[in-house]
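A short write-up of the structure that comes next.
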Amino acid sequence: PRFFALVPCAGIGERAGTGGPKQYAPLAGRPLVAHTLHALAGVARLAATLVVLAPGDALFEEAVPGFGGEHQWLARCGGASRAQSVANGLDELLARGALPHDWVLVHDAARGLLRAEWVERLIEACADDEVGGLLALPLADTLKQSSGGRAVATVARGDKWVAQTPQMFRLGLLRPALAHAGDAVTDEASAIEALGHAPKLVQGDAENFKLTWPGDFALAERLLGTR
Ligand code: CTP
Ligand code: MG
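When we follow UniProt numbering, the leftmost residue of the sequence shown carries the number 10, and every step to the right adds one.
This is how it looks when you write it as structure tokens:
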């Protein structure tokens, strides 16, 4: 089987407040998504990377000049939800010759601090797995059950993990799983779980966070400054 990356890049970035889609907001002198794609370009085992843009996107080509070619694909097939953007991207991969037993690594455009070695760790851990898996981190903080703004119980955290991306599954499993799950799922693993499968949890990294809020850009710049 081959390995394909699929990068949903069609959101509006409402929470980040960057005055436009956050994936194009500057981070240490380059647009956020340029960092993401630079990291993926360092993963030798990827056969191709497909970036899913909103249909009317007029910013990508200036944000990542030079992206495109035999192993770098663009599709303007973004949908109303992340799940729909990914589902449409899977159709595009099929149209470009990907096969059901090929692996798809879905990675958020907004996780711009990605390192190639983390992607390779995921591939190593899952390439022989029946189901596939995801980068994730064991929950570090104490977890509270809230009711009316008060903590009413403390939830055991020993078995709780925080999901990251990439998340890697076979095209032939992920496509029907997303079709079955609908728009509400916020990651691929939840769609796979809903079919009764148990994706493998592979150690991620705290730096692999999703830039979501305004302050995340300053934090990411500080981290990049230490690399
Ligand atoms: N995404 C997408 N299509 C959508 C919504 C999101 O491709 N309809 C992508 C985003 O571009 C991002 C990733 O999915 O790379 C993770 O989503 P999120 O962090 O929620 O980004 P946004 O939806 O853009 O942000 P917000 O929810 O704050 O509006
Ligand atoms: Mg969103």
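Yeah, the Cβ is synthetic: ideal placement off N, Cα and C, and Gly gets one too.
- Burial state of glutamine 154 is exposed, judged by a 10 Å Cβ sphere holding fewer than 16 other Cβ atoms.
- DSSP, reduced to helix, strand and coil, places tryptophan 222 outside both helices and strands of the structure shown, so it counts as coil.
- For alanine 198, no pairing in a beta bridge is given by DSSP.
- Unbroken beta strand (DSSP E) runs of no fewer than 3 residues, entirely contained in the region 25-64, are found at 55-62, following chain order.
- Residue side-chain check: proline 17 places its Cβ nearer than 7 Å to a non-hydrogen atom of the ligand CTP.
- Of the residues assessed, proline 64 falls on the exposed side of the cut-off, its CB having fewer than 16 other CB atoms within 10 angstroms.
- A distance of 8 Å or more separates the beta carbons of leucine 15 and valine 52.
- Taken in chain order, the complete beta strand (DSSP E) segments of 3 residues or longer contained in the region 84-169 are 112-115, 141-147, 152-156, 159-164.
- In the three-state reduction of the DSSP assignment, alanine 227 falls in the helix class.
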